[in-house]
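Everything on this sheet refers to the single structure shown next.
Chains as they are written, first to last, in this note's numbering: chain F, 2 to 281; chain X, 111 to 466; chain B, 209 to 507.
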């Protein structure tokens, strides 16, 4: 009898204890909920806000419809898309061969590259504009073309693209790949295209998505050089009609969300720190 | 000092059975090793005792009292991990003092105890070093001292030497045993290294698939393996298959050779197939002069390989009983070469039989 | 011993064929020429330009008066607000980010929480600038959803609260500071070995004692380093604050000078920009020092 009770007591006690161990302390839950609120409340508010202030008889999506009808919306959106794609193209053409070459032939230059890749943080957009203006004012033909934004955004994208490419090249045995290709008679440009690029696919796509996110969201330089990009348009509209600005904010959110989600699905975990572009 | 009893421990991870009704008694002051291949459940058993894992069923009794209801930090057990367990932000001394610090012992008492223990493990001069300034062996010494500082009821060691160089490993295992004997502390030691287990334990529990295959003194385990698993896992064994010819006379026929098995535990009916095990060191070889037949009781074998192991040379033989390994003194082995035909003598007192 | 040997070997190797090597290296350097030319035109020369410009009058003569202007109204107030805002948002984001990263990694938390927080953080860290400003106007502006919700509860946050104020602005910055901290802190906390936690527990320490004696001391350099990074991140922000209508921020003063809005001395833009670079360089140096300190214990 005594034995039976002792066994009956032990088993639940050990079970109870395991459950107690796996129980998450309350304060952990508090922090998680708090962070979730910080993330979600503004988005909820954006959706809610953009559907209010509508007069009777109008569509609940009035502000979105108004914005879509504005020809400036379309032109600014397309301008930003165009600038983003140009930024990606220039960045890739400039960076991929360079980083590849440094890894292959000039590994001694890597510290220099690392240093240059943090310079855009040292010189934030607003500061860079101060230094660039005197130079740009001298070459007017470039100054008035929106392509100038792409050329500047390449600098902002540099740290992120460099890091993605650097990590991608570190992960593969570059020298062996190149030697194998050369021993099969491939010349260098062909090697770069056919052998290295496929191995860098993830790094290139990831870096490009971040570049797009940066170029789409950039406001500082675009507004100071007086180009009507999407974020400049959002600012202008929003300061006159807050509802429309908030609706545009939601459209930006969907855009960034899509870019980052594809980036996350592409990277699956790892390198999460690389997935941050700073566009304020 | 304390006793440890494991009663019917069962633990599954999904469909994998890590512990299958494990029972084990460790006497007070005893040094017991859990020996087995990776995945046999030995570490799970140790972690259950320490309080980092919980069984699905069963009990862990320390001094007769169930400890499963206590969290790890209330069990007062000392544990040494495989590696890298020292706190990187503390010197050796502060690492050792840690358990006393959380117990709010006085500064003087802590420092005194840390010095004593570090001297006990031979590191009296390295008290102010940080873990990264210590070698792997020294780190494990500090970890041992740290686990002893709290005057634990039992000492648990989870493969503490497996990350170290071979030479340090041998040196340190003797040190662990010396300290254990000096303090007389009940110790449970997990290892996959049979030489380690046999050389320092009072008793060894050989584990496989979550169960204890055999529990006994190193000599019992080495000389009298009771299951085929133990025979194969511990040391090197020659395995012969044979049929019992006579039960009373304990005669087994292996191929063309009749072997008498003096093992008193032999208890198999005639006609049964049994496995016989004999260690390489229990086989001796005699050189045959050209064309001679071996003497009665011996059989011939052809040398297939010679592996120099220092004082002895391990000789691979092809015989009528199948391939055999024999250890002979390296001086004797100088006369051997591949394809030399020799007379093989089995020390029949060393033969062990296990029913199939 | 092994090190010394390899050192000698490489010295011998370098000595054996110096000429050939340097020549092929010179050719190889041609390959990175376009990159360095680009960087020079769009980054290095403009930076040099503004550093020189800080010491020049509009006519190109040397002067220290631009730099001296930093200490005259309204700039000291702008620097004060910029620094306070950066510090507050760095501390808020840093502390909460640390707590969240630690909570996300707790073994009892459901599996899906981690990828959910990581992917959402990646998104949120990039949702900044103008859209973020409007998002918060929709949330906590005078007509914001949360503002009106609190009004229904009888809680009037205005006029004591304002999105242009220190706390309001820091709250907005949290939207990119917090996720950045979470992303960067997760690997740091993962660097705390299970063996350390288990050893501490085995030696009688509670979870609190583990954090007090081991966990916090080990992660503190990383924690401080990342907070310094957040500080720099907030310090160089412009678009978010501009959208919120913040008036006295260094970046906003620079923008106004560029636009010629308050053109007392347009050359002041160079001086302010230089001051910003100096402050950011200091934060990066402090960050690097703390990182080096952190790597002593972690990994």
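All C-beta atoms in this analysis are idealised placements derived from N, C-alpha and C, irrespective of residue type, glycine included.
- prompt: According to a CB-to-CB cut-off of less than 8 Å, which residues of the region 398-428 of chain B neighbour chain X?
  reply: 401, 403, 404, 406, 407, 408, 409, 410, 411, 412, 413, 414, 417, 421, 422, 425, 426
task: Count the C-beta pairs between the region 111-128 of chain X and the region 155-165 of chain X that are closer than 8 Å, then say yes if the count reaches three, no if not.
output: yes
Limits of the beta strand (DSSP E) - the one that residue 457 of chain X falls within: The sequence position of residue 457 of chain X within the second chain is 347, counting from 1. Looking at the DSSP string, residue 457 of chain X is not in any beta strand (DSSP E), and its letter there is neither H nor E.
task: With DSSP collapsed to three states, give me the class of residue 13 of chain F.
output: Within the first chain, residue 13 of chain F is the residue found at index 12, counting from 1. At residue 13 of chain F the pLDDT is 46, less than 50, meaning the model places this residue with poor confidence; the figure from the coordinates comes in the next sentence. Residue 13 of chain F: helix per DSSP, three-state reduction.
- request: Check residue 591 of chain B in the structure and name its three-state DSSP category.
  value: Here chain B covers residues 209 to 507 and nothing more, so residue 591 of chain B does not appear.
- prompt: Taking C-alpha atoms, which residue in F:211, F:247, F:255, F:204 lies nearest to residue 100 of chain F?
  reply: Translated into positions along the first chain, residue 100 of chain F becomes position 99. Nearest of F:211, F:247, F:255, F:204 to residue 100 of chain F, Cα basis: F:204.
message: Tell me which residues share the same chain as residue 378 of chain B and place their Cβ nearer than 7 Å to its Cβ, disregarding the 5 neighbours each side in the sequence.
response: To locate residue 378 of chain B, count along the third chain from 1; it is residue 170. Within the same chain, residue 378 of chain B has close Cβ partners 293, 296, 297, 300.
field: Through-space distance from residue 350 of chain B to residue 364 of chain B, alpha-carbon basis
entry: For this step, residue 364 of chain B is matched to residue 156 along the third chain. For this step, residue 350 of chain B is matched to residue 142 along the third chain. Cα-Cα distance, rounded: 10 Å.
query: How far does the alpha helix (DSSP H) with residue 114 of chain X in it reach, from first residue to last?
result: Start at 1 with the first residue of the second chain, and residue 114 of chain X comes out as number 4. DSSP places residue 114 of chain X in no alpha helix (DSSP H) but in the uninterrupted beta strand (DSSP E) bounded by 114-123.
task: Could you say if the region 183-198 of chain F and the region 138-146 of chain F meet the contact criterion of at least three C-beta pairs nearer than 8 Å?
output: Flag = no, the region 183-198 of chain F and the region 138-146 of chain F do not touch.
field: Cβ separation of residue 481 of chain B and residue 462 of chain B, assumed to be a contact under 8 Å, to the nearest whole Å
entry: As a position in the third chain, residue 481 of chain B is number 273, starting the count at 1. As a position in the third chain, residue 462 of chain B is number 254, starting the count at 1. Yes, residue 481 of chain B and residue 462 of chain B are in contact; Cβ-Cβ is about 6 Å, under 8 Å.
message: With three or more C-beta pairs closer than 8 Å as the rule, is the region 207-218 of chain X touching the region 237-248 of chain X?
response: no
- request: Count the other C-beta atoms from every protein chain shown that fall within 10 angstroms of the C-beta of residue 335 of chain B, then say buried if there are 16 or more, exposed otherwise.
  value: Along the third chain, one-based indexing puts residue 335 of chain B at 127. Classification for residue 335 of chain B: buried.
task: Verify the CB distance criterion: does residue 213 of chain X have a CB-CB separation below 8 Å to chain B?
output: Here residue 213 of chain X refers to the residue found at position 103 when the second chain is read from its first residue. Yes, residue 213 of chain X lies at the interface with chain B (some Cβ there is under 8 Å from its Cβ).
task: Count the other CB atoms, across all protein chains shown, that sit within 10 Å of the CB of residue 175 of chain F; report buried if there are 16 or more and exposed otherwise.
output: The count along the first chain starts at 1 and reaches residue 175 of chain F at position 174. Buried is the call here.
message: For residue 385 of chain X, list the residues DSSP reports as bridge partners.
response: Looking up residue 385 of chain X in the second chain gives position 275. Per DSSP, X:351, X:464.
query: Which chain B residues are close to residue 260 of chain X, counting only those with a beta carbon under 8 Å from its beta carbon?
result: Residue mapping note: residue 260 of chain X aligns to position 150 of the second chain, counting from 1. Within 8 Å Cβ-Cβ: 411, 412.
query: If you compare alpha carbons, which of X:112, X:129, X:454, X:185 is closest to residue 407 of chain B?
result: By 1-based counting over the third chain, the position of residue 407 of chain B is 199. The option with the nearest alpha carbon to residue 407 of chain B is X:185.
- request: Give the residues of chain B in contact with residue 299 of chain X, contact being defined as C-beta atoms less than 9 Å apart.
  value: In the second chain, residue 299 of chain X corresponds to position 189, counting from 1. Here the premise fails: no neighbours, minimum Cβ distance about 16 Å.
message: According to DSSP, simplified to helix, strand and coil, what is residue 321 of chain X?
response: Indexing the second chain from 1 puts residue 321 of chain X at position 211. It is a strand residue.
query: Which ranges would you report for the alpha helix (DSSP H) in the region 364-449 of chain X if only whole runs of at least 4 residues count?
result: 440-443
- prompt: Given a limit of 9 Å on CB to CB distance, which residues of the region 243-254 of chain B reach chain F?
  reply: Listed in chain order, the positions of the region 243-254 of chain B with a beta carbon within less than 9 Å of a beta carbon of chain F are 243, 244, 246, 247, 249, 250, 251, 252, 253, 254.
- prompt: residue 168 of chain X lies in the beta strand (DSSP E); which residues open and close that run?
  reply: Locating residue 168 of chain X in the second chain gives position 58, where the first residue counts as 1. Element bounds for residue 168 of chain X: 167-172.
- prompt: How is residue 145 of chain F classed by DSSP in three states: helix, strand or coil?
  reply: What you label residue 145 of chain F is simply residue 144 of the first chain in a count that begins at 1. In this structure, residue 145 of chain F counts as coil in the three-state DSSP scheme.
query: At which residues does the beta strand (DSSP E) containing residue 128 of chain X begin and terminate?
result: Walking along the second chain from the start, residue 128 of chain X turns up at place 18. From DSSP, the beta strand (DSSP E) with residue 128 of chain X extends over 126-136.
task: Residues of the region 121-144 of chain X with a CB closer than 9 Å to any CB of chain B: list them in chain order, please.
output: none
- prompt: Should residue 331 of chain X and residue 354 of chain X be called a contact, given that it needs their Cβ atoms to be closer than 8 Å?
  reply: Here residue 331 of chain X refers to the residue found at position 221 of the second chain. Here residue 354 of chain X refers to the residue found at position 244 of the second chain. Their beta carbons are not under 8 Å apart, which means residue 331 of chain X does not touch residue 354 of chain X by this criterion.
task: Quick one: list the residues of chain F neighbouring residue 360 of chain B, beta-carbon separation under 9 Å, in chain order.
output: Taking the first residue of the third chain as 1, we reach residue 360 of chain B at position 152. What residue 360 of chain B touches in chain F: nothing, since even the nearest Cβ is about 14 Å away.
field: Contact with chain B by residue 197 of chain F, beta-carbon distance below 8 Å
entry: Here residue 197 of chain F is taken as the residue at index 196 of the first chain, counted from 1. Cβ-Cβ to chain B under 8 Å: no for residue 197 of chain F.
- request: Give a yes or no on contact between the region 63-79 of chain F and the region 140-154 of chain F, applying the rule of three or more CB pairs nearer than 8 Å.
  value: no
query: Opposite residue 175 of chain X in the DSSP bridges: which residues?
result: For the purposes of this step, residue 175 of chain X is taken as residue 65 along the second chain, with counting starting at 1. Bridge partners of residue 175 of chain X: X:172.
- prompt: With which residues is residue 299 of chain X paired in a DSSP beta bridge?
  reply: If you number the second chain from 1, residue 299 of chain X lands on position 189. The partner list for residue 299 of chain X (beta bridge, DSSP) reads X:143, X:267.
query: Is residue 195 of chain F buried or exposed, if buried means 16 or more other CB atoms sit within 10 Å of its CB?
result: Your numbering for residue 195 of chain F matches position 194 in the first chain. It counts as exposed.
- request: Determine, using beta carbons only, whether residue 221 of chain B comes closer than 8 Å to chain F.
  value: Here residue 221 of chain B corresponds to residue number 13 of the third chain, with the count starting at 1. Note that residue 221 of chain B scores a pLDDT of 35, beneath 50, so its modelled location is shaky; the value from the coordinates is reported in the next line. Judged by the 8 Å Cβ criterion, residue 221 of chain B is not in contact with chain F.
message: Here's the rule I'm using: 16 or more other beta-carbon atoms within 10 Å means buried, otherwise exposed. How should residue 232 of chain B be labelled?
response: As a working mapping, residue 232 of chain B is identified with position 24 in the third chain. Exposed, since its Cβ has fewer than 16 Cβ neighbours within 10 Å.
query: Is residue 326 of chain X helix, strand or coil by DSSP?
result: Along the second chain, one-based indexing puts residue 326 of chain X at 216. In the structure shown, residue 326 of chain X sits in a strand (DSSP, three-state: E or B).
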